[in-house]
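J.: To start, I am sharing the structure in question, which I have written as structure tokens.
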Amino acid sequence: MKHDLFFFRQVLKPSIIKKINKIFFKSKDFTDLRASAAIKTAKVSQIPYKNLKKYFKAVEDCTHHANIKSFGFDIYSWLDQDPLSQNIYEAKNNGQYTFHTDSNPYTFKSAIKLTTLINLSEKSYEGGQLELFLGSKVQRVPEFDKPGDVVVFKADIPHRVTPVTRGVRITSSIWTLGPWWR
Numbered sequence: 610m611k612h613d614l615f616f617f618r619q620v621l622k623p624s625i626i627k628k629i630n631k632i633f634f635k636s637k638d639f640t641d642l643r644a645s646a647a648i649k650t651a652k653v654s655q656i657p658y659k660n661l662k663k664y665f666k667a668v669e670d671c672t673h674h675a676n677i678k679s680f681g682f683d684i685y686s687w688l689d690q691d692p693l694s695q696n697i698y699e700a701k702n703n704g705q706y707t708f709h710t711d712s713n714p715y716t717f718k719s720a721i722k723l724t725t726l727i728n729l730s731e732k733s734y735e736g737g738q739l740e741l742f743l744g745s746k747v748q749r750v751p752e753f754d755k756p757g758d759v760v761v762f763k764a765d766i767p768h769r770v771t772p773v774t775r776g777v778r779i780t781s782s783i784w785t786l787g788p789w790w791r
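Here the sequence shown stands for residues 610 to 791, numbered as in my numbering.
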């Protein structure tokens with residue numbers, strides 16, 4: 610494995626981001642998939658991947674490119690019914706998500722291997738930094754600060770979103786599965 614994360618700048622254009630957010634805003638599913646020990650103060654909605662597949666093709670390509678170039682994991686393609694989440698972190702409620710990892714319970718038939726995050730913010734915000742715990746230090750990911758940015762990292766890396774101090778930070782997340790580690 611060459612890297613812990615892989616990033617792509619401004620994969621989605623502002624006009625596409627607006628369309629994606631509009632579709633998410635119509636969602637009636639506000640299931641929060643918060644990690645059990647973490648604090649998360651964000652509004653979370655979910656829709657099946659098939660609802661945004663045409664907009665997320667470039668993001669899926671980024672994820673597979675990162676896996677080929679950096680991780681080399683045995684992974685599955687995204688399926689139409691896989692959940693896409695939209696996370697809205699607002700300054701008015703100290704929007705944040707404390708350190709956590711992304712994983713499935715052992716009862717599942719597959720493991721989450723990669724986390725892909727997409728910055729869907731339409732306006733500027735302050736705070737809300739993505740940070741990863743790498744080795745023995747916390748590392749900020751400045752390559753995820755602009756609308757349309759995509760970052761892919763190993764799902765077992767502890768990561769967090771620092772509190773949003775001004776405005777609204779909007780992201781989408783999707784997890785890439787594969788067979789259990791062997």
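Glycine is no exception: its CB is placed at the ideal position from the N, C-alpha and C atoms.
Taking only three categories from DSSP, how would you classify T672?
T.: Here the question's residue 672 lines up with position 63 in the sequence shown. DSSP places T672 in helix when its eight states are reduced to three.
J.: Give me, in chain order, the residues of the same chain whose beta-carbon lies closer than 8 Å to that of K732; leave out the 5 immediate sequence neighbours on both sides.
T.: Taking the first residue of the sequence shown as 1, we reach residue 732 at position 123. Once the five neighbours on either side are set aside, the close Cβ partners of K732 are G776 and V777.
J.: Alpha carbon to alpha carbon, how far is R769 from Y698? Give it in angstroms, no decimals.
T.: Numbered from 1 along the sequence shown, position 89 holds the residue referred to as residue 698. Numbered from 1 along the sequence shown, position 160 holds the residue referred to as residue 769. In a straight line, the C-alpha of Y698 is about 12 Å away from that of R769.
J.: So what does DSSP say about D781, is it helix, strand or coil?
T.: Position 172 of the sequence shown, counted from the first residue, corresponds to residue 781. For the sequence presented, residue 781 should be read as Ser rather than Asp. Three-state DSSP puts S781 in a strand.
J.: I'd like the span of the beta strand (DSSP E) that includes K652, first residue to last.
T.: Translated into positions along the sequence shown, residue 652 becomes position 43. First-last of the beta strand (DSSP E) with K652: K652 to P657.
J.: So the candidates are L688, K635, Q619 and N728; which of them puts its Cα closest to the Cα of K659?
T.: The residue labelled residue 659 in the question sits at position 50 within the sequence shown. With distances taken between Cα atoms, K659 lies closest to L688.
J.: Leaving aside the five residues before and after D758 along the sequence, list all residues of the same chain whose C-beta is less than 8 Å from its C-beta, in chain order.
T.: By one-based count along the sequence shown, residue 758 stands at place 149. Within the same chain, D758 has close Cβ partners F616, F617, R618, Q619, V620, I727, N728 and E752.
J.: Smallest Cα separation from S624: which of Y664, H612 and K652?
T.: Mapped onto the sequence shown, residue 624 falls at position 15. For S624, the nearest C-alpha among the options comes from Y664.
J.: Can you list, in chain order, the residues of its chain whose CB lies under 8 Å from that of L723, leaving out five sequence neighbours each side?
T.: On the sequence shown, position 114 is the one that residue 723 refers to. Same-chain partners within the cutoff: T672, A675, N676, F680, F682, I684, V761, F762, K763, A764, W784 and T785.
J.: Please classify E735: does DSSP put it in a helix, a strand, or coil?
T.: Counted from its first residue, the sequence shown places residue 735 at position 126. When DSSP states are grouped into helix, strand and coil, E735 belongs to the strand group.
J.: Is it right to say G744 is buried, meaning 16 or more other beta carbons lie within 10 angstroms of its own, or is it exposed?
T.: One-based indexing of the sequence shown puts residue 744 at position 135. So G744 ends up on the exposed side.
J.: Could you give the DSSP three-state label for N713: helix, strand or coil?
T.: In the sequence shown, the residue the question calls residue 713 occupies position 104. In this structure, N713 counts as coil in the three-state DSSP scheme.
J.: Cβ atoms of S694 and S782: under 7 Å apart, would you say?
T.: For the purposes of this step, residue 782 is identified with residue 173 of the sequence shown, where counting begins at 1. For the purposes of this step, residue 694 is identified with residue 85 of the sequence shown, where counting begins at 1. Yes. Within cutoff.
J.: Identify which residue in K631, H612, P772 and K755 has its Cα closest to the Cα of A651.
T.: Within the sequence shown, numbered from 1, the residue matching residue 651 stands at position 42. Looking from the CA of A651, the closest CA among K631, H612, P772 and K755 belongs to P772.
J.: What residue does the alpha helix (DSSP H) around N630 start on, and which one ends it?
T.: Position 21 of the sequence shown, counted from the start, is the residue given in the question as residue 630. From DSSP, the alpha helix (DSSP H) with N630 extends over P623 to F634.
J.: Quick check on S730: buried or exposed, where buried means 16 or more other Cβ atoms within 10 Å of its Cβ?
T.: Sequence index remark: in the sequence shown, residue 730 carries index 121 (1-based). S730 comes out buried.
J.: Taking H709 as the reference, which of P767, I779, G737 and K649 has the closest Cα?
T.: Within the sequence shown, residue 709 is the residue found at index 100, counting from 1. For the residues P767, I779, G737 and K649, the minimum Cα distance to H709 belongs to P767.
J.: One question on the structure: do N702 and V653 come within less than 7 Å of each other, judged by their Cβ atoms?
T.: Translated into the one-based positions of the sequence shown, residue 702 becomes position 93. Translated into the one-based positions of the sequence shown, residue 653 becomes position 44. Not in contact: N702 and V653 (Cβ atoms no closer than 7 Å).
J.: For S719, which residues of its own chain have a beta-carbon under 8 Å away from its beta-carbon, when the five flanking residues on both sides are left out?
T.: Taking the first residue of the sequence shown as position 1, residue 719 is located at position 110. For S719, where only same-chain residues beyond five positions count, the Cβ hits under 8 Å are Y685, N713, L786, G787, P788 and W789.
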